Amino acid sequence: MDRRQFLRRFAGEAPAPPPSPPPVSSGLEPYTGPWDEPQAAHLIRRALFGLTRADLVDALFRSPAGAVDHLVDTAVARPLPAAPSWYNTAGTNIAWRYEWQEAWYAEMRAGGLKERMTLLWHDHFVTAIDVYGHAAFAYQYLTKLRTHALGNFRTLLHAVGTLPAMLIYLDGEDSSAGNINENYARELLELFSMGRVGPDGQDNYTQQDIVEAARALTGWVVNMSTLRGEFDPSRHDGGAKTIFGRTGTWDYDDVHDILFDEREEEIASWVAQKIYSWFVHPVPNPEVVAGMAQTLRQNDFEVAPVVRQLLKSAHFYEEAFVGSRIKSPCEYLVGLTRELGIVPPQALLGRFRETGYNLGQDLLNPPTVAGWPGYAPDEYRAWITTGSVPERRAEATNALEGNGAFPSFDPLPLVEALSDATSAAAIARDLAAHLLPAPLDDDDLTELEAILLDGAPWWEWVTLYQSNPEAARQRVRLLLDHLVNLPEYQLT
Amino acid sequence: MCQHPHPPRSDRAISLAHGADHDRDHAAWSRRTFLSRSALAAGGTAFLLNGVPVHASSGSSLLHLLSRFGADRVLVLIQMAGGNDGLNMVVPVTNDLYYQRRPTIAVPQSNTFRLDDDYGLHGAMGAAEPMWGDGHLAVVQTVGYPDHNLSHFRSTDIWASASDADETLSSGWTGRYLDHAYPDYVTSPPEYPVAVRIGGASALLVRGGATSMGMSFSNADQLLQLATTGQFYDEDDVPPGVYGEELSFIRSIYNASLRYRDVVVEAANAATNAAEYPTDGLGSSLALIARLIKGGLPSRLYVVEHGGFDTHSNQTDRQPDLLQRLAESLAAFDVDLADGGRSDTVMSMTFSEFGRRVEENGSGGTDHGTAAPLVLAGGGVNGGLYGDGPDLADLDGSGNLHHSVDFRQIYATLLRQWFGVPQAETDALLGGAFDPLGFIGNPVAAEPGAAPHAAVLEAPYPNPFRGRTTVAFALDRPGRVALTVSDARGRLVARLASGPHTAGRHAVPFHADGLPSGVYHLRLETDKGVQSRPVTVVR
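Listed below in structure tokens is the structure:
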């Protein structure tokens with residue numbers, strides 16, 4: 023048993039999640055309810071990395087459907103970030119790896135929904151740079167995910183299998199006629215395309231299907247001169263194989279055709295579940311997933327239509343789901359700075375990378391071929407531990423105090439942008455709404471206001487704000503520190 | 042120095058660590074146990090530790106620990122983050138090459154205090170001169186490792202994990218020591234943090250094989266703020282529905298993360314500082330640590346950061362100030378601990394991910410280098426200079442120094458002579474045998490029962506496993522054993538061997554059929570004590 027196999031399911035025992043999907047009545051029909059700040063904020067928080075005032079205002083100017091279309095259209099149109107200087111050079115230089123990880127953090131901030139989808143595919147089509155080593159392979163891999171982030175799932179599935187990162191990570195390059203390695207074939211079926219069990223509860227494939235598919239996939243190797251995956255006919259098993267009951271001298275392309283011919287429904291369901299749990303709630307709702315699967319099939323596995331449909335649906339805006347997702351580390355870190363209006367200098371991107379690692383998310387290096395446990399329906403609480411909570415809280419405080427690589431932070435522009443800076447009550451209410459996923463009750467808001475006032479009567483705030491900005495700044499910073507340290511701030 | 046091949050070790054375990062964290066959180070801190078522990082705490086178990094009253098919510102683990110040999114020994118690691126320029130800290134004052142290669146930034150002989158004929162400590166560290174005179178300061182020169190890595194992060198990981206340059210480990214050397222010192226940590230964690238990390242020092246240092254140990258704070262103030270602002274949250278008063286369920290869960294972990302609050306705050310309040318520290322990060326961290334130690338907190342390891350050493354430019358404006366604060370902080374710490382009678386049982390050690398290039402660069406600074414000196418401080422130190430001085434005539438291809446002392450020799454010295462870890466265990470913790478140095482003036486004997494081979498629980502093979510694995514143990518004389526398996530929550534799931542066994546090696550199968558995948562703990566109990574090892578079941 024190799025390391026990756028045993029790591030696959032290994033993630034300790036998270037506490038039992040709710041045993042079944044939350045009971046909600048609505049489905050994929052378009053959302054027609056109110057379109058105010060709470061709803062628009064929910065959309066932005068789930069579709070991007072954290073909320074900014076500008077994104078919120080933009081969404082409110084549109085209809086719910088118009089806001090979703092704008093997010094998706096913007097993501098589809100966004101060009102790829104600049105390639106690093108070493109993108110076509112062999113080398114396992116750690117500095118290049120770090121550069122590429124940090125560039126991703128920067129792109130998450132700017133690239134919105136496109137990067138959220140790219141991260142989804144990274145967690146789905148897992149490869150780990152610890153295994154494949156070369157930064158150039160990480161560049162190719164991430165660029166491929168990005169290119170097809172809202173493109174066609176079939177195309178992406180077909181493309182990732184011949185990337186050097188994948189050929190090395192799942193041993194495809196070691197599999198040849200007479201010397202079959204099943205690793206990639208197994209994950210192709212079990213994790214990347216259809217899952218072990220279909221929506222009908224039946225096994226989707228047999229061990230024999232894996233062996234035969236592995237034979238058909240042979241021949242792909244990594245050419246270290248070109249740094250590309252290439253087909254070497256001499257390593258290919260040209261004999262007849264039987265996959266899902268169909269017999270022929272199948273090759274790489276044939277395997278993919280057969281998958282979609284014979285298991286289209288199962289694949290659509292599996293992909294729909296992934297997208298559902300990415301945006302709505304970790305535990306998928308079977309009826310909604312079935313509807314999404316249908317949409318995928320009707321659109322020949324184009325991803326954008328089903329993402330539009332889900333984000334526009336009444337189901338997505340169900341109040342039960344608002345604030346029900348635990349922020350993953352990169353979402354937490356990028357969101358924190360976006361929400362506070364902090365523009366990360368390069369050194370802070372390096373800090374993100376390190377803090378992300380400490381919080382359990384080393385980008386480009388998921389712990390197992392099944393991705394990060396925190397994204398899995400049955401282990402999604404894994405991000406939050408007694409080790410990670412103090413570190414998350416400390417990092418939020420560091421951001422406010424300008425510690426470490428954080429630039430010095432002035433909270434007044436934030437307050438002025440999203441509230442009436444002359445009113446302590448308004449500031450408390452609006453900062454809470456900006457940072458927390460669900461509304462606080464009146465007692466909580468009074469407590470927040472008291473932090474700002476520090477014992478002074480409410481009418482003195484305006485004087486303090488106008489005559490002593492440094493003191494006002496300090497009071498607001500304390501209020502923000504209280505807010506980002508609340509348990510609610512871990513949720514989105 | 043001899044080096045045996047490293048035993049295979051898991052090279053990647055972020056998720057494992059977090060998964061195990063989770064197990065522990067929930068094993069040790071369900072809401073019910075939290076309430077019952079709070080009730081205990083309210084009852085007020087107090088006792089004297091080193092003459093200081095200590096309040097802890099349950100004394101059993103403390104008393105257990107105190108019965109262990111050498112258990113009052115504390116190690117304080119000071120990470121000089123950024124890469125400290127060793128040549129300008131321990132200055133080769135008689136070396137012409139040094140002055141030739143550093144025409145603008147070399148430290149003149151007159152600005153040093155002499156350690157011996159050839160070396161002087163930077164004058165900015167004058168506050169440490171009394172410690173040197175008292176024999177409370179050891180300086181180890183040209184510490185490094187083969188194929189030195191020049192990346193800050195990678196080299197920090199290497200120092201923290203004690204790995205080879207081309208090896209990636211997911212636990213820290215001190216974390217593994219804590220695993221060794223607290224074999225039941227996962228199933229029954231002590232009521233106090235076994236390690237305290239303040240600031241941005243490497244988190245890897247406190248990461249053991251299964252989980253992160255102890256508690257972390259971004260600064261000393263934050264720790265003290267716990268007393269007033271670290272609040273507990275109501276896990277039941279949440280809105281109905283999924284959001285409320287998740288909020289309740291998060292609150293339970295927030296509460297669990299504060300579980301050490303009472304013992305830590307009480308220790309801090311039980312003592313006062315008897316010396317004046319610099320008011321910067323390092324000074325305030327060490328001041329707080331002195332109070333915790335004097336106040337009776339039994340933590341074994343403290344990790345603090347002293348950053349800013351990445352002096353690529355204008356080095357002479359920056360490094361002396363950092364060195365001065367280091368020396369002043371160490372000197373105050375030394376006085377303070379002596380006041381509390383803990384001078385001989387607390388050892389401080391600096392380290393930095395690398396030294397800097399011999400030749401100065403064009404910006405009045407130095408680029409990343411390799412070997413560098415480090416400092417050990419405390420009443421238990423056998424003061425003096427160790428290791429070979431830097432040979433400036435024999436540099437590597439990048440113009441960097443060769444090392445004379447492998448950093449793991451320092452670790453081996455501390456593990457064996459400071460903490461009393463037997464040699465075989467030390468070798469296992471460091472992944473090889475490294476010769477100790479002589480910088481410890483009051484070494485402890487190896488742990489009692491040191492007949493370390495009297496009973497050995499071997500690593501199960503295969504591990505992780507599916508279905509069946511083999512667990513072997515060896516006895517050097519006949520005796521009774523109990524070999525059991527418990528799950529992450531401490532529940533007994535299998536009894537593999539019990540009763541009298543003959544001397545020699547015994548191998549027994551462990552069938553995991555029907556057990557959920559996850560980490561389990563093998564536990565071998567003999568009249569020599571208890572050993573445990575994790576084993577992973579996959580399905």
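Residue numbers (our numbering), protein chains in the order written: chain P, 23 to 514; chain R, 42 to 580.
All C-beta atoms in this analysis are idealised placements derived from N, C-alpha and C, irrespective of residue type, glycine included.
Nothing here was measured: the structure is a model prediction, and the numbers come from that model.
Secondary structure of residue i, DSSP reduced to three states
i, result
"F83 of chain P", "helix"
"M130 of chain P", "helix"
"D554 of chain R", "coil"
"L119 of chain R", "As written in the sequence, residue 119 of chain R is Ile, which differs from the Leu given in the question. The answer is strand: DSSP assigns I119 of chain R an E or B state."
"A465 of chain R", "helix"
"H542 of chain R", "strand"
"N420 of chain P", "helix"
"K296 of chain P", "helix"
"L38 of chain R", "Shown here, chain R extends from 42 to 580; a query on residue 38 of chain R therefore has no answer."
"A515 of chain R", "strand"
"G410 of chain R", "coil"
"V485 of chain R", "coil"
"G582 of chain R", "Since the first residue of chain R shown is 42 and the last is 580, residue 582 of chain R is not available in this structure."
"P145 of chain R", "It should be pointed out that residue 145 of chain R corresponds to Thr in this sequence rather than to Pro. The answer is coil: DSSP assigns T145 of chain R none of H, G, I, E or B."
"T269 of chain P", "strand"
Alpha-carbon spacing of residue i relative to residue j, whole angstroms
i, j, result
"P149 of chain R", "P361 of chain R", "13 Å"
"G555 of chain R", "P234 of chain R", "35 Å"
"L164 of chain P", "N174 of chain P", "16 Å"
"D275 of chain R", "T510 of chain R", "44 Å"
"F88 of chain R", "L456 of chain R", "With a pLDDT of 30 at F88 of chain R, under the threshold of 50, the modelled position of that residue is not reliable, and no figure is offered here."
"L249 of chain P", "M216 of chain P", "30 Å"
"A495 of chain R", "R398 of chain R", "49 Å"
"L167 of chain P", "A160 of chain P", "11 Å"
"D275 of chain P", "A336 of chain P", "39 Å"
"L426 of chain R", "T390 of chain P", "47 Å"
"V293 of chain P", "W143 of chain P", "10 Å"
"V484 of chain P", "S389 of chain R", "51 Å"
"T114 of chain P", "A157 of chain P", "6 Å"
"L462 of chain P", "E361 of chain P", "18 Å"
"W126 of chain P", "P367 of chain P", "14 Å"
Per DSSP, the bridge partner or partners of residue i
i, result
"A376 of chain R", "One detail in the question is off: residue 376 of chain R reads as Val in this sequence, not Ala. None, per the DSSP bridge assignment."
"D225 of chain P", "P:V219"
"W242 of chain P", "P:F253"
"G161 of chain R", "R:V132 and R:R155"
"I604 of chain R", "The structure shown has nothing for residue 604 of chain R, since chain R only spans 42 to 580."
"V181 of chain R", "R:L415 and R:Y427"
Close beta carbons around residue i, own chain, < 6 Å, minus the five adjacent residues each side
i, result
"D175 of chain R", "none"
"S558 of chain R", "V578, V579 and R580"
"A308 of chain R", "L333, G336, G337 and L338"
"Y295 of chain R", "Y274"
"H193 of chain R", "E394"
"V506 of chain P", "A418"
Proximal residues to residue i (C-beta, below 7 Å), its chain only, five neighbours per side dropped
i, result
"I406 of chain P", "I348 and Q512"
"Y191 of chain P", "T149, A150, V153 and Y154"
"V184 of chain R", "A412, A413, P414, L415, G428, H444, V446, F448 and I451"
"G424 of chain R", "W173, G176, H177, L178 and A179"
8 Å Cβ cutoff, residue i in contact with chain B
i, result
"A500 of chain R", "The chain labelled as chain B is not found among the protein chains of the depicted structure, namely P and R."
TODO: Report yes or no: do the segment 534–549 of chain R and the segment 503–517 of chain R share at least 3 C-beta pairs separated by less than 8 Å?
DONE: Yes, since at least three Cβ pairs between the segment 534–549 of chain R and the segment 503–517 of chain R fall closer than 8 Å, the two stretches touch.
Task: Segment contact, 8 Å Cβ cut-off, at least three pairs: the segment 321–329 of chain P with the segment 293–301 of chain P - done: Yes, the segment 321–329 of chain P touches the segment 293–301 of chain P.
Open item on the list: Using 8 Å as the cut-off, can you tell me whether the segment 406–420 of chain R makes contact with the segment 360–380 of chain R, which would need three or more C-beta pairs spanning the two stretches below that distance?
Closed with: The answer is yes - the segment 360–380 of chain R touches the segment 406–420 of chain R, with three or more Cβ pairs under 8 Å.
Task: Inter-stretch contact at 8 Å, needing at least 3 Cβ pairs: the segment 369–389 of chain P / the segment 443–455 of chain P - done: These segments do not touch.
Open item on the list: Can you confirm whether the segment 525–545 of chain R touches the segment 498–508 of chain R when touching is taken to mean that 3 or more C-beta pairs between the two stretches lie within less than 8 Å?
Closed with: The segment 498–508 of chain R and the segment 525–545 of chain R do not touch, with fewer than 3 CB-CB distances between them shorter than 8 Å.
TODO: Count the CB pairs spanning the segment 242–251 of chain R and the segment 205–222 of chain R that are closer than 8 Å, and state whether there are at least three.
DONE: Verdict: yes, contact present.
Open item on the list: Is it the case that the segment 160–172 of chain R contacts the segment 131–149 of chain R, given that we only count it when at least three CB pairs across the two stretches are under 8 Å?
Closed with: Contact holds: three or more Cβ-Cβ distances are below 8 Å.
TODO: Tell me, please, whether the segment 234–246 of chain P touches the segment 201–208 of chain P by the rule of three or more beta-carbon pairs shorter than 8 Å.
DONE: Between the segment 234–246 of chain P and the segment 201–208 of chain P there are three or more inter-stretch CB-CB distances shorter than 8 Å, so the stretches are counted as touching.
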